[in-house]
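S.K.:
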Ligand SMILES: [Zn+2]
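Numbering (full-length UniProt numbering), first residue to last: 1 to 329.
(1) Would you give the residue range spanned by the beta strand (DSSP E) that residue 88 belongs to?
(2) Going by C-alpha distance, which of 25, 133, 299, 91 is nearest residue 189?
(3) With residue 3 and residue 59 assumed to form a contact (beta carbons below 8 Å), what rounded beta-carbon distance in angstroms separates them?
(4) Rounding to the nearest angstrom, what Cα-Cα distance links residue 140 and residue 299 in this structure?
(5) Give the C-beta separation of residue 56 and residue 181 to the nearest angstrom, bearing in mind that I take them to be a contact with Cβ-Cβ under 8 Å.
(6) Looking at C-alpha atoms only, which residue of 262, 201, 176 is the closest neighbour of residue 66?
(7) On the CB-based measure, 16 or more other CB atoms within 10 Å of its CB, does residue 1 come out buried or exposed?
(8) When you measure from the CB of residue 243 to every non-hydrogen atom of ligand 1, does any distance come out below 6 Å?
(9) Could you name the residues of the same chain whose beta carbon sits closer than 8 Å to that of residue 196, not counting the 5 residues immediately before and after it, in chain order?
(10) Taking DSSP's pairing of strands, which residues face residue 138 in a bridge?
(11) How is the beta strand (DSSP E) around residue 299 delimited, first residue to last?
(12) Of all the options 89, 150, 136, 119, which has the alpha carbon lying nearest to the alpha carbon of residue 106?
(13) Check whether the stretch 15-34 touches the stretch 69-83, counting contact only when three or more Cβ pairs, one atom from each stretch, lie closer than 8 Å.
(14) Output yes or no for whether 7 Å exceeds the beta carbon distance between residue 244 and residue 236.
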């Protein structure tokens, strides 16, 4: 079973929020495209795992673990009574060749050696095990989930370290076999992993306000050309209608990732949405969807949810219903 949601990476949420409000530089476009591709690979991995079933095991997705004061990110950790298997997911497409330890992807050299990365990750998990004075197995595989990826190597031992798309179902099916279970030992390992989980400490992107277009935009087509009504805004371009609350939840989420380490105040949010929703409505929804921190006369707010998708899932079910009705109306 999946123990946690796989949420979009912080960097992806940052670039998506940025792309709506400014033109990205070539480098930003490249970064966004790479992160998007990586995330799509992870979602594909999850989908195939869902299809083959994972009831006998515990799976952690996209976690940062603080082990012996150094923090490592793991795409997927598979826990059973036998131990931990780390899966590094690489959504590469095209032809990959590894000769004498050098990686070439579509005839371009890759500087980040995936095997070294995997070794480091597995080594960290061994450190974690040793610090807990336990004795479970730790191993790892690199997973290439794309069906348009081919792999060639002059070192036959490399094949033991990777799983291609053609072998992915069989690889997952082994976790369904008799003898694989998540009993006391797996629970014990799971508690060790959970105790090491920390927030992503490496995210340090921040938007330059001068570049940004302020205001609200259509959730369907991204247009800022909206027609304001009392309780909702409708898009003059595509006709989509969303209520004030939906717009504010999206704006707060964008704000969170564009200015990750900066406090959000009512005034800074009003500036961000170009005062398109009246101040009393903004106040009401800030109180409903954020935690308030008071310092003297100034209040700061932190979003209660991870991102907009999470907010829509968790906040009252009435919310999307209202949007739908408005679209139909
Ligand atoms: Zn629209």
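Every residue gets a Cβ at the ideal spot worked out from N, C-alpha and C, and that includes glycine.
M.R.: This is what the structure holds:
(1) 83-89
(2) 133
(3) 6 Å
(4) 47 Å
(5) 5 Å
(6) 201
(7) exposed
(8) no
(9) 65, 66, 67, 128
(10) 84
(11) 298-303
(12) 150
(13) no
(14) no
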